[in-house]
Amino acid sequence: MEQISTSQEETIVTEVQAAPIKSTLIQAPTLWRETQGDGAIAVRNFNYEVKELDQASLKDAKFDIEKIVTSEINRFVETYNPKQTVYHLKSNQYVQIKKVDEARKMYVCRPKQEKQNEGENTRIKDDQDIEVPFDEISEQIQINLRIITEDQTCVGQVYVGINDKIKTLKDFLNSKSASLLNIVFKDEIIKNDDTFLKRHIRSGEKFILMSGGFEAKIWKRFRRIEHGDYFYMSDTYYDAVCFKPKKACHFLGFGFLNQYEKKDFKLKFKYYIDDEEFPETEVDLTQDMLGEHHSFKIDFQTLNLQPITVKPDQMIHICARVQLTSPMRFIYGYDSQGTDGIEGQDPDFAIQRSSRNQNSTGSDFGQFSYILYAL
Numbered sequence: 001m002e003q004i005s006t007s008q009e010e011t012i013v014t015e016v017q018a019a020p021i022k023s024t025l026i027q028a029p030t031l032w033r034e035t036q037g038d039g040a041i042a043v044r045n046f047n048y049e050v051k052e053l054d055q056a057s058l059k060d061a062k063f064d065i066e067k068i069v070t071s072e073i074n075r076f077v078e079t080y081n082p083k084q085t086v087y088h089l090k091s092n093q094y095v096q097i098k099k100v101d102e103a104r105k106m107y108v109c110r111p112k113q114e115k116q117n118e119g120e121n122t123r124i125k126d127d128q129d130i131e132v133p134f135d136e137i138s139e140q141i142q143i144n145l146r147i148i149t150e151d152q153t154c155v156g157q158v159y160v161g162i163n164d165k166i167k168t169l170k171d172f173l174n175s176k177s178a179s180l181l182n183i184v185f186k187d188e189i190i191k192n193d194d195t196f197l198k199r200h201i202r203s204g205e206k207f208i209l210m211s212g213g214f215e216a217k218i219w220k221r222f223r224r225i226e227h228g229d230y231f232y233m234s235d236t237y238y239d240a241v242c243f244k245p246k247k248a249c250h251f252l253g254f255g256f257l258n259q260y261e262k263k264d265f266k267l268k269f270k271y272y273i274d275d276e277e278f279p280e281t282e283v284d285l286t287q288d289m290l291g292e293h294h295s296f297k298i299d300f301q302t303l304n305l306q307p308i309t310v311k312p313d314q315m316i317h318i319c320a321r322v323q324l325t326s327p328m329r330f331i332y333g334y335d336s337q338g339t340d341g342i343e344g345q346d347p348d349f350a351i352q353r354s355s356r357n358q359n360s361t362g363s364d365f366g367q368f369s370y371i372l373y374a375l
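Under full-length UniProt numbering, think of the first position of the sequence shown as 1, with each following residue one higher.
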């Protein structure tokens with residue numbers, strides 16, 4: 001990869017080598033392992049397929065990475081201010097400025113480390129203050145970015161601001177489908193608005209920008225669906241149910257049963273992972289969207305919502321309310337006990353009544369016909 005410095009304010013990647021990959025849907029990796037010759041092996045979640053990305057096999061195809069210095073960063077700040085968190089390039093760590101010594105062109109800084117289990121930055125009492133020359137401080141770090149799509153792959157180094165949101169890595173790919181890509185750091189798909197500083201990302205760490213998403217599985221909740229009867233939903237109060245995974249999984253969506261008179265309606269849903277609440281999303285559902293199992297498939301990947309990583313025994317509370325002009329009558333499913341006996345169904349979940357429920361849905365009755373997930 002060739003870099004050309006065009007000015008003091010920016011560096012542009014002019015070419016990134018790429019090669020076609022003839023393979024099926026790319027999945028988020030559980031491991032990124034280095035190999036000889038600047039290669040890497042991405043181990044996928046499904047079937048654990050392995051593909052060697054060998055430098056010697058890369059061709060002349062180009063990936064457009066137009067800009068590697070973000071608009072929010074100024075690399076040549078003359079002086080930083082006390083209490084400001086910046087990056088010390090030489091020691092490869094975050095520091096907080098305590099004092100500015102203009103005469104000696106030095107900062108007095110306190111190293112910052114990541115607080116265990118919380119992903120926050122905090123000062124460690126035993127750390128000693130250090131003196132750092134002006135030219136060793138920056139608000140920018142360099143990361144290694146590997147881009148993998150169904151057609152090609154490339155790898156390069158990009159500069160990012162420590163206060164930039166990690167999700168802006170998608171902006172480096174000049175593609176209309178960039179918003180559908182997953183950003184993978186270690187074993188996690190990055191979601192929400194975390195910044196590089198909040199995640200305590202150090203210079204030189206590796207990210208994967210990956211297309212395709214997950215191959216969703218369906219876990220059906222009900223043994224029976226009632227078409228000749230109905231129950232009422234609400235536009236104010238949430239119906240909710242709790243799915244409890246027996247093993248770690250990625251929560252990808254759910255199935256929602258049809259309106260009794262087969263009318264179009266607006267679905268408003270949100271979900272909780274234990275006590276963590278995620279924002280409400282609205283979807284207009286029409287009858288031509290009805291899928292298998294008499295249900296509308298609420299697929300997070302189609303809706304451009306991030307898949308959620310869930311640990312064993314965490315509680316997935318799915319909450320929904322509806323909006324329509326006709327009576328809010330919906331068909332329902334029941335007999336969700338003994339779901340392990342449903343043909344072809346793995347015993348991956350247990351069903352519980354949700355503490356978030358505000359209407360009549362129960363553990364054995366309701367609208368949520370299945371959960372979409374990947375292991």
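Even glycine gets a Cβ: it sits at the ideal position worked out from N, Cα and C.
Where residue i sits in the DSSP three-state scheme
i, result
"Ile-166", "helix"
"Glu-102", "coil"
"His-293", "helix"
"Asp-335", "coil"
"Glu-261", "coil"
"Gln-113", "strand"
"Phe-300", "coil"
"Asp-229", "strand"
"Glu-136", "helix"
"Asp-288", "helix"
"Thr-35", "At Thr-35, the pLDDT of 42 sits below 50, so the modelled position is not reliable; the number obtained from the coordinates is stated separately. Strand at Thr-35."
Backbone CA spacing between residue i and residue j [nearest angstrom]
i, j, result
"Ser-363", "Glu-343", "20 Å"
"Asp-135", "Ile-97", "14 Å"
"Asp-313", "Ile-130", "45 Å"
"Val-86", "Pro-279", "31 Å"
"Ile-298", "Ile-190", "21 Å"
"Lys-270", "Tyr-80", "42 Å"
"Leu-145", "Arg-329", "50 Å"
"Asp-239", "Val-283", "16 Å"
"Asn-357", "Ile-137", "51 Å"
"Leu-267", "Ile-183", "28 Å"
"Arg-353", "Gln-128", "52 Å"
"Ile-351", "Leu-252", "17 Å"
"Tyr-237", "Pro-327", "15 Å"
"Thr-325", "Leu-375", "39 Å"
"His-250", "Phe-349", "12 Å"
"Leu-197", "Leu-89", "14 Å"
"Arg-202", "Tyr-107", "20 Å"
"Trp-219", "Val-95", "47 Å"
"Tyr-370", "His-294", "11 Å"
Exposure label - residue i; buried when at least 16 CB within 10 Å
i, result
"Met-233", "buried"
"Asn-304", "exposed"
"Lys-83", "exposed"
"Asp-288", "exposed"
"Gly-255", "buried"
"Lys-311", "exposed"
"Glu-292", "exposed"
"Arg-221", "buried"
"Arg-224", "exposed"
"Thr-361", "buried"
"Glu-139", "buried"
"residue 386", "For the chain, the structure presents residues 1 to 375; residue 386 sits outside this window and is missing."
"Arg-104", "exposed"
"Ala-248", "exposed"
"Ser-355", "exposed"
"Asp-164", "buried"
"Pro-133", "exposed"
"Asn-192", "exposed"
Span of the beta strand (DSSP E) around residue i
i, result
"Gly-344", "Gly-344 -> no beta strand (DSSP E), and no H or E assigned at all."
"Asn-182", "182-185"
"Arg-356", "No beta strand (DSSP E) holds Arg-356; DSSP gives it neither H nor E."
"residue 384", "Nothing can be reported for residue 384: it is not among the residues displayed for the chain, which extend from 1 to 375."
"Ala-370", "Residue 370 is actually Tyr in this sequence, not Ala. Unbroken beta strand (DSSP E) run through Tyr-370: 368-374."
"Met-210", "206-210"
"Arg-146", "140-148"
"Leu-324", "Premise fails: Leu-324 is in no beta strand (DSSP E) and is neither H nor E."
"His-200", "From DSSP, His-200 is part of no beta strand (DSSP E); its letter is neither H nor E."
"Phe-222", "Counting along the chain, Phe-222 falls outside any beta strand (DSSP E), and DSSP gives it neither H nor E."
"Pro-245", "239-245"
Top-ranked residue by Cα proximity to residue i, from the options
i, options, result
"His-227", "Trp-219, Pro-111 and Lys-262", "Lys-262"
"Phe-185", "Ile-143, Phe-365, Tyr-230 and Pro-133", "Ile-143"
"Cys-242", "Asp-274, Thr-236 and Leu-267", "Asp-274"
"His-317", "Pro-133, Pro-245, Leu-169 and Asn-182", "Pro-245"
"Lys-217", "Gln-352, Asp-346 and Gln-157", "Asp-346"
"Asn-91", "Tyr-373, Tyr-370, Lys-266 and Cys-109", "Here residue 91 turns out to be Ser, not Asn, going by the sequence shown. Nearest option by C-alpha distance: Cys-109."
"Leu-257", "Lys-105, Phe-368, Ile-141 and Ala-374", "Phe-368"
"Asp-335", "Ala-103, Lys-206, Phe-365 and Ile-162", "Phe-365"
"Met-210", "Ser-203, Leu-181 and Asp-193", "Leu-181"
"Glu-205", "Phe-214, Thr-302, Phe-349 and Val-158", "Val-158"
"Ile-147", "Val-160, Leu-169, Ile-162 and Gly-161", "Leu-169"
"Ile-208", "Glu-188, Gln-323, Phe-265 and Ile-141", "Glu-188"
"Asn-359", "Gly-333, Ala-320 and Ile-371", "Ala-320"
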